[in-house]
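First up is the structure itself, then whatever we jot down about it.
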Amino acid sequence: MKTIDIFNVDVSNLDKTQLPSNIYAIRIKDCNNNIYDICINHQAELSEINSERDQSRMNDFLSNLEYSVVTEFFKNIKKRKPKSYSNQLEIITNNVGELFHYSRATN
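So the mapping is simple: my numbering equals the position in the sequence shown, first residue as 1, plus 636.
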């Protein structure tokens, strides 16, 4: 099986790329310009977004997931979580490896 660098996936060419399933990946940058790449396997049921209510639920889910993942990451590496950081990249795939959510900061 080919290893995929989830943080450098070419989203314009996704039909030719097999992504890993059930992945949540986030790249954050703190105020000192340190960059952290965090990637976990999630077990969430990702349903289609058909309404504003569904979108609101998904936004809440992503916000809670980000908070939990970043907090646990810094706890595990025994570093203090930055008081402020920015999301540079956020990716989530579903249970068959299809891209479900992708957001990227622009300069």
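Glycine included, every Cβ here is placed at the ideal spot set by N, Cα and C.
Would you give the residue range spanned by the alpha helix (DSSP H) that E702 belongs to? Position 66 of the sequence shown, counting from 1, holds the residue named residue 702. E688 to N712 is the span of the alpha helix (DSSP H), which, as asked, contains E702.
For A661, report the span of its beta strand (DSSP E) as first-last. The residue labelled residue 661 in the question sits at position 25 within the sequence shown. Element bounds for A661: I659 to D666.
Does the contact criterion of 3 or more C-beta pairs under 8 angstroms hold for the stretch 643-652 versus the stretch 697-715? no
When you compare only the Cα positions, how much space is there between N695 and I728? On the sequence shown, residue 695 is found 59 positions in, with the first residue counted as 1. On the sequence shown, residue 728 is found 92 positions in, with the first residue counted as 1. The alpha-carbon atoms of N695 and I728 are separated by roughly 12 angstroms.
Beta-carbon contacts of K665 that lie in its chain and below 7 angstroms, excluding the five residues immediately before and after: For the purposes of this step, residue 665 is taken as the residue at position 29 of the sequence shown. So the qualifying residues of the chain are I671, Y721, S722 and Q724.
Please classify M637: does DSSP put it in a helix, a strand, or coil? For this step, residue 637 is matched to residue 1 along the sequence shown. Annotation note: pLDDT 46 at M637 (below 50); position unreliable, no value reported.
For S739, decide whether its Cβ has a neighbour in chain D, counting only Cβ atoms nearer than 8 angstroms. Here chain D cannot be found, since the structure has a single protein chain.
Are the CB atoms of I685 and F709 nearer to each other than 8 angstroms? If you number the sequence shown from 1, residue 685 lands on position 49. If you number the sequence shown from 1, residue 709 lands on position 73. Going by C-beta atoms, I685 is not nearer than 8 angstroms to F709.
Under 6 angstroms Cβ to Cβ from L682, same chain only, skipping five residues before and after it: list those, please. Here residue 682 refers to the residue found at position 46 of the sequence shown. Within the same chain, L682 has close Cβ partners N730 and F736.
Limits of the beta strand (DSSP E) - the one that N723 falls within: Stepping through the sequence shown from its first residue, residue 723 is reached at position 87. Y721 to T729 is the span of the beta strand (DSSP E), which, as asked, contains N723.
Is it the case that the Cβ atoms of Y660 and I640 are separated by a distance below 8 angstroms? What you label residue 660 is simply residue 24 of the sequence shown in a count that begins at 1. What you label residue 640 is simply residue 4 of the sequence shown in a count that begins at 1. No.
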